[in-house]
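>
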Amino acid sequence: MADDYDDIEPGRRSGAHRQEAAASSNVGAIVLVIVLALVAVLLVVAAINIITSSMRNPESNVAEPAPETSAPATPTPSESEVSVADSSLTVDVLNGSGVSGVARDFSSVVEEEGWTVGQVGNYSTARSDSVVYYRDDADEAQAQLVADALGIEATEQSNDFTADLTVLICSDIAQRGPASSGGESAGTEESGAQGGGSTAADGAGTTGGDSTDGSLGEG
150 MADDYDDIEP
160 GRRSGAHRQE
170 AAASSNVGAI
180 VLVIVLALVA
190 VLLVVAAINI
200 ITSSMRNPES
210 NVAEPAPETS
220 APATPTPSES
230 EVSVADSSLT
240 VDVLNGSGVS
250 GVARDFSSVV
260 EEEGWTVGQV
270 GNYSTARSDS
280 VVYYRDDADE
290 AQAQLVADAL
300 GIEATEQSND
310 FTADLTVLIC
320 SDIAQRGPAS
330 SGGESAGTEE
340 SGAQGGGSTA
350 ADGAGTTGGD
360 STDGSLGEG
């Protein structure tokens, strides 16, 4: 008895296309699942980033302000930078040595160097070393310049005097007089010997003043 399969023509496929179609369907399903999984992962990552960004401190995203820069303070000229007399400064010249004519001689040099001479007179003090006082710290260099011009070693800050600078001549340099530009001194003792001595009072025509260190008056 002949079977129905015995009548199949050679080379003719029967039922094989069903297996290929099933295999293709399985592959397509797997690819679809993979694609959907990747999309889901990307969505999850995006959602996590959004949540994380919203939870951050908003102040951390604000740029810090630039530090304030203050203008540099104008430096006070050092002693080495000052070499010219400031004619706007008033310089009092006081004689604390007891030697007649000293304040007048020293004030002449102060005026010749370019400063404005204020009071010239006698001053009562127990101090023996000459000094140039300055009221404002900004005038310290000018005080040193005056001291150098007169051959005085000391400069000090003091508010006991009203002038910008105050030269106090004491016994240490009273006899030799002010130092000249050539390094010599015009001594009042020598000039007094040659000219018969000085009888003029220091600070003639100036008024007296009061100070915590002594008294200024006509000599």
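Position 146, counted from 1, in the sequence shown is what my numbering calls 295; the numbers after and before it change by one each time, with no gaps. Quick reminder that beta carbons are idealized off the backbone N, C-alpha and C, glycines included.
Whose CA, out of E289, G326, T311, S307, lies closest to the CA of S232?
For S232, the closest alpha carbon among the candidates E289, G326, T311, S307 is that of E289.
> According to DSSP, N244 sits in a beta bridge with which residue or residues?
Under the DSSP definition of a beta bridge, N244 partners with N271, I318.
> Buried or exposed: where does L299 fall if 16 or more other Cβ atoms within 10 Å of its Cβ makes it buried?
buried
> Can you tell me where the beta strand (DSSP E) with A303 in it begins and where it stops?
303-306
> Roughly how far, in whole angstroms, is the beta-carbon of L317 from the beta-carbon of Y282, given that I think they are within contact range, below 8 Å?
7 Å
> For L294 and A287, I'd like the C-alpha separation in whole angstroms.
13 Å
> In chain order, what residues of the same chain have a beta carbon less than 7 Å from the beta carbon of G336, not counting five sequence neighbours either side?
Residue confidence is low: G336 scores 43 on pLDDT, short of 50, so the model does not pin down where it sits. Its coordinate-derived value is still stated next. Q324, R325, G326.
> Exposed or buried, what is G247 when buried is set at 16 or more other beta-carbons lying within 10 Å of its beta-carbon?
exposed
> Could you pull out every residue in the same chain whose Cβ sits closer than 6 Å to the Cβ of A312, ignoring the five residues on either side in sequence?
T239, D241, G267
> Which partner residues does V281 have in the DSSP bridge list?
Its beta-bridge partners are T304, V316.
> My understanding is that Q291 touches D235, with C-beta atoms under 8 Å, so please give their C-beta distance in whole angstroms.
5 Å
> Compare the C-alpha of T304 against each of C319, S279, A328 and name the closest.
S279
> Nearest to A252 by alpha carbon, out of S237, G270, W264, G263?
Answer by Cα proximity: G270.
> Please tell me whether S320 and S277 are closer than 7 Å, where the distance is taken between their beta carbons.
Against a cut-off of 7 Å, the Cβ pair of S277 and S320 comes out as a contact.
> Starting from Q291 and walking both ways along the alpha helix (DSSP H), at which residues does that stretch end?
Judged by DSSP secondary structure, Q291 falls within the alpha helix (DSSP H) whose first and last residues are 289-299.
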